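> Sharing a structure with you now.
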Amino acid sequence: MDHPILSHRYGIFVYLGFWLAFMCSLLAIDWYFQGEDFTNALISSLSISLPLLIIAPSIWFIVKHIDIDKIGRLTMVLNHTAAAIITVAIWVSLTYFIHSSLHEDYTNSSYPDIIMPYYGLAFLSFALYGYMVMVYYVFIYYQNFKSKIENESNLKDLIKEAEINALKSQINPHFLFNSLNSVSSLTLVQPEKSREMLVKLSSFLRYSLDQDLKELNTLSNEMKNSRLYLEIEKVRFGDRLALEFNIDVPCQDMKIPNLILQPIYENAIKHGVHESLEPVIITTKAEFKNDKLCIQISNNFDKDTITPKGQGIGLKNITERLNLIYGRTDLLTIAKTESNFNVKLYFPQKTHLKSV
Amino acid sequence: MEKIRTIIIDDESLARDLVKSYLSEMDQVEILGEYSDGFQGLKAINDLQPDLIFLDVQMPKLNGFELLELLDKPCNIIFTTAYNEYAIKAFEHNAVDYLLKPFSQERFADSIAKAIFRLKNQTEDSNVIENLKEYEDKNVEDLNRIVVKSRNKIDIIPVNNIRYFEAQDDYVMIYTHDGHHLKQKTMKYFETHLNPKEFCRIHRSYLIRIEEISKLEPYEKDGWILVLKTGEKLKVSKNGYKLLKQQLGF
Numbered sequence: 004m005d006h007p008i009l010s011h012r013y014g015i016f017v018y019l020g021f022w023l024a025f026m027c028s029l030l031a032i033d034w035y036f037q038g039e040d041f042t043n044a045l046i047s048s049l050s051i052s053l054p055l056l057i058i059a060p061s062i063w064f065i066v067k068h069i070d071i072d073k074i075g076r077l078t079m080v081l082n083h084t085a086a087a088i089i090t091v092a093i094w095v096s097l098t099y100f101i102h103s104s105l106h107e108d109y110t111n112s113s114y115p116d117i118i119m120p121y122y123g124l125a126f127l128s129f130a131l132y133g134y135m136v137m138v139y140y141v142f143i144y145y146q147n148f149k150s151k152i153e154n155e156s157n158l159k160d161l162i163k164e165a166e167i168n169a170l171k172s173q174i175n176p177h178f179l180f181n182s183l184n185s186v187s188s189l190t191l192v193q194p195e196k197s198r199e200m201l202v203k204l205s206s207f208l209r210y211s212l213d214q215d216l217k218e219l220n221t222l223s224n225e226m227k228n229s230r231l232y233l234e235i236e237k238v239r240f241g242d243r244l245a246l247e248f249n250i251d252v253p254c255q256d257m258k259i260p261n262l263i264l265q266p267i268y269e270n271a272i273k274h275g276v277h278e279s280l281e282p283v284i285i286t287t288k289a290e291f292k293n294d295k296l297c298i299q300i301s302n303n304f305d306k307d308t309i310t311p312k313g314q315g316i317g318l319k320n321i322t323e324r325l326n327l328i329y330g331r332t333d334l335l336t337i338a339k340t341e342s343n344f345n346v347k348l349y350f351p352q353k354t355h356l357k358s359v
Numbered sequence: 084m085e086k087i088r089t090i091i092i093d094d095e096s097l098a099r100d101l102v103k104s105y106l107s108e109m110d111q112v113e114i115l116g117e118y119s120d121g122f123q124g125l126k127a128i129n130d131l132q133p134d135l136i137f138l139d140v141q142m143p144k145l146n147g148f149e150l151l152e153l154l155d156k157p158c159n160i161i162f163t164t165a166y167n168e169y170a171i172k173a174f175e176h177n178a179v180d181y182l183l184k185p186f187s188q189e190r191f192a193d194s195i196a197k198a199i200f201r202l203k204n205q206t207e208d209s210n211v212i213e214n215l216k217e218y219e220d221k222n223v224e225d226l227n228r229i230v231v232k233s234r235n236k237i238d239i240i241p242v243n244n245i246r247y248f249e250a251q252d253d254y255v256m257i258y259t260h261d262g263h264h265l266k267q268k269t270m271k272y273f274e275t276h277l278n279p280k281e282f283c284r285i286h287r288s289y290l291i292r293i294e295e296i297s298k299l300e301p302y303e304k305d306g307w308i309l310v311l312k313t314g315e316k317l318k319v320s321k322n323g324y325k326l327l328k329q330q331l332g333f
């Protein structure tokens, strides 16, 4: 952290202002209240306040190096006491040194009163040391607080950005426009069905837009949404798409990350249904084994389909997300045969185990 | 005036229904048939010779553009698709219009009017095409497959199976692991539509898959000959040698 006095543009002037006020009050006490001769009073107040000019900014370095978070309270108090004693000793000696050099009629007494007796001086400088240490600590805490708030808002922005990016990729514009085209067609050929399709499409979009990607959701909620998506696609593709679900009842309330299955279904549609003349069956299986929820999604595909480049980015993203949430990279496995694509996902159920 | 004879090619039945429904209100158009994939569509075009074709781009096996490449003579096409990125390519293929799904009945009527105009005048809006060609196609994706027609057969060649291309007048001979196919395209087309990390134009007449290279042998003075894994020997031009040097980093 930068020095609060030296690093600021007007810091040094503000500081000099305070210093001047301090010196003037000493002068006022000695000259006005104690009835000293003005020259003497000026010399006395200068000999006390001149050392402060250097001492006050130097205390910052002591404060900066005594970090309460690192060394503990007792050590801190001991450190500051030692530093205070040294500071007071230097200050008082300097005061006497300046006083004796400035004073013309130097008396024999080695410790003359300079406004106050020497123990008064010692007490004053000790108190001022404590006061300045406190000011510096307040300054440090204020700076830390400010930067923490800044960091937090930066972090929030980052998360927002990541979420927006994720959503952009989730709602595939071609899916949207093709579905809307189906609705447009239904309004003419089967008007009663068009409303149903629009409702499904809206529910799906709302769910996708509402979800916070950091959160977990129950399997039953996620499956409801995936079914919406698949049923919309089924309206588009008719008999070319068949759906099978095999979900163990106890799995319904288990938790999985929001929308984590969506890219897998989209892949199944894109590489399975889009490329095949034959019907494609998308099967979803969910079971609980070895403390983990295991979900398997598989689809057949035309074996002549040429795997397009860039495939696997979606699956890589899922692996990354799983790693962020569960801290493991082995939770997604892919098995591909000549005409079948099978994705297996494992979701550790810590929270579930606790509730049992 | 005679009725416009048209067919619909789209893999989604609801999408076909919509076009049919819009057309049913137009007396001047007659629907000869509807087809749910590229192969059926291709056969119908050759058999029926329709005046106008409604064509989807994204279809299994044979997409709209691949179908166009296989046609013997140019047809009047109205593309219907949810993908806006193929518009330039569509007009390069001389499309009558490009309808973005979902489209309104008014927009659809405009397309039909354009088609009627073109059929009457037998002209092409060549200006439009020329203008469009000036745009760089930003969405050039690397090819995954190439469709080739030979006599009565259509072959779909995965790019991964291709070993090299050889220029032969107006055609390009494509050598794969299990044979060769002739395709009416330019070398330039393949050079720009294939991944430059996988293929290298070593000579005016040759575009080879880098993985297939076995070795380079000196030939006469400062010349080079490239030997493929299969033992075939191909000439390397000076420019090609430079490119190879860049690619392989020797």
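For the record, the sequence lines run as chains A and B. Last residue of the first sequence: 359 in our numbering, with the numbers rising by one and none dropped. Last residue of the second sequence: 333 in our numbering, with the numbers rising by one and none dropped. Even for Gly, the Cβ is constructed at its ideal location relative to N, Cα and C. None of these values were measured; they are calculated from a predicted model.
At a Cβ threshold of 8 Å, is A/Ser342 touching chain B?
Answer no: the Cβ-Cβ gap between A/Ser342 and chain B never drops below 8 Å.
> Could you work out which residues of chain B lie near A/Phe240, taking near to mean beta carbons separated by less than 9 Å?
Asp94, Glu95 and Ser96
> Using 8 Å for Cβ pairs, my map puts A/Lys237 next to A/Leu244. What's the rounded Cβ distance?
5 Å
> Please tell me whether A/Arg12 has its Cβ less than 8 Å away from any Cβ of chain B.
no
> Below 8 Å, can you find three or more Cβ-Cβ pairs linking the region 332-340 of chain A to the region 97-110 of chain B?
Between the region 332-340 of chain A and the region 97-110 of chain B there are fewer than three inter-stretch CB-CB distances shorter than 8 Å, so the stretches are not counted as touching.
> When DSSP labels each residue in this structure, what does A/Gly133 get in the three-state scheme?
A/Gly133 carries a helical assignment under DSSP once its states are collapsed to helix, strand and coil.
> Using the DSSP secondary-structure output, state which residues sit across from B/Ile161 in a beta bridge.
In DSSP, B/Ile161 forms a bridge with B/Phe137 and B/Asp180.
> Is there a Cβ from chain B that is less than 8 Å from the Cβ of A/Ser187?
yes
> Taking the C-alpha atoms as reference points, what is the distance between A/Ile69 and A/Asn345?
60 Å
> Look at the alpha carbon of A/Ile57 and the alpha carbon of A/Ser156, and state the distance between them as a whole number of angstroms.
39 Å
> Among residues of its own chain, excluding the 5 on either side of A/Arg324, which ones have a beta-carbon nearer than 7 Å to its beta-carbon?
Same-chain partners within the cutoff: Pro260 and Ile263.
> Given that A/His274 touches chain B, what residues does it touch there, using C-beta distances under 8 Å?
Within chain B, no residue comes near A/His274; the closest Cβ sits about 11 Å away, beyond 8 Å.
> Closest Cβ-Cβ distance between B/Tyr166 and chain A: below 8 Å?
At least one beta carbon of chain A lies nearer than 8 Å to the beta carbon of B/Tyr166.
> List, in chain order, every chain B residue whose beta-carbon is nearer than 7 Å to that of A/Ser279.
Pro143
> Quick check on the burial criterion: 16 or more other C-beta atoms within 10 angstroms. Buried or exposed for B/Glu219?
Any reading at B/Glu219 is ruled out, since the residue's pLDDT is 42, under 50, leaving its predicted position unreliable.
> Kindly indicate which residue of B/Lys280, B/Asn322, B/Lys266 and B/Leu226 has the alpha-carbon position closest to the one of B/Gly306.
B/Asn322
> First and last residue of the alpha helix (DSSP H) that includes B/Glu39?
Outside the displayed range of chain B (84 to 333) lies residue 39 of chain B, so it cannot be described from this structure.
> Can you find a heavy atom of the ligand PLP that lies under 7 Å from the Cβ of A/Tyr144?
For the structure depicted, the ligand PLP is absent and the ligand set is empty, with no information on it obtainable.
> Can you pull the chain A neighbours of B/Lys232, defined as C-beta to C-beta under 7 Å?
Contact annotation for B/Lys232 against chain A: no contact, minimum CB-CB distance about 17 Å [criterion: below 7 Å].
> Within 8 Å of any Cβ in chain A, is that where the Cβ of B/Asp261 sits?
no
> So, is the C-beta of A/Leu183 closer than 8 Å to a C-beta in chain B?
Answer yes: the Cβ-Cβ gap between A/Leu183 and chain B drops below 8 Å somewhere.
> If contacts are defined as beta-carbon pairs under 8 Å, then A/Leu222 and A/Gln255 qualify, I think. What distance do you get, rounded to the angstrom?
Correct: roughly 6 Å between the Cβ atoms.
> Within the same chain, show all residues whose beta-carbon is closer than 7 Å to that of A/Met226, passing over the 5 residues directly before and after it, in chain order.
Residues of the same chain with a CB within less than 7 Å of the CB of A/Met226, apart from the 5 flanking positions on each side, are Ile250 in chain order.
> Can you check whether the CB of A/Gln265 is closer than 8 Å to the CB of A/Ser206?
no
> Rounded to a whole number of angstroms, what is the C-alpha to C-alpha distance between A/Pro194 and B/Phe186?
If I take the Cα positions, the gap works out to 17 Å.
> At a Cβ threshold of 8 Å, is A/Asn293 touching chain B?
no
> Determine the direct distance from the alpha carbon of A/Lys258 to that of B/Lys216, and round the result to whole angstroms.
Confidence at B/Lys216 is low in this model, with a pLDDT of 42, below 50, so its placement is unreliable and the value that follows should be read with caution. Spanning the two alpha carbons is a distance of roughly 53 Å.
> Distance check for A/Val138 and A/Ile89, CA to CA, integer angstroms please.
So the two alpha carbons sit approximately 19 Å from each other.
> Counting only the same chain and skipping the five closest in sequence on each side, list residues whose C-beta sits under 6 Å from that of A/Gly14.
Ile8
> What do you get for B/Glu95, buried or exposed, if any count of 16 or more other CB atoms within 10 angstroms of its CB means buried?
buried
> Going by DSSP in three states, B/Asn214 sits in which element: helix, strand or coil?
Because B/Asn214 carries a pLDDT of 46, less than 50, the predicted location of this residue cannot be relied on, and the following value inherits that uncertainty. Correct three-state label for B/Asn214: helix.
> Chain B partners of A/Phe180, CB-CB under 8 Å?
Chain order gives the chain B residues near A/Phe180 as Ala165, Leu183, Lys184 and Pro185, where near means a beta carbon separation below 8 Å.
> Under the rule that 16 or more other beta-carbon atoms within 10 Å means buried, what is B/Lys221, buried or exposed?
Any reading at B/Lys221 must be qualified, since the residue scores a pLDDT of 45, below 50, and its modelled position is unreliable; no value is offered.
> Would you mind stating whether B/Ile91 and B/Glu113 have Cβ atoms separated by less than 8 Å?
no
> Are the CB atoms of B/Ala178 and B/Leu135 nearer to each other than 8 Å?
no
> What's the C-alpha gap between B/Asn159 and B/Lys184?
19 Å
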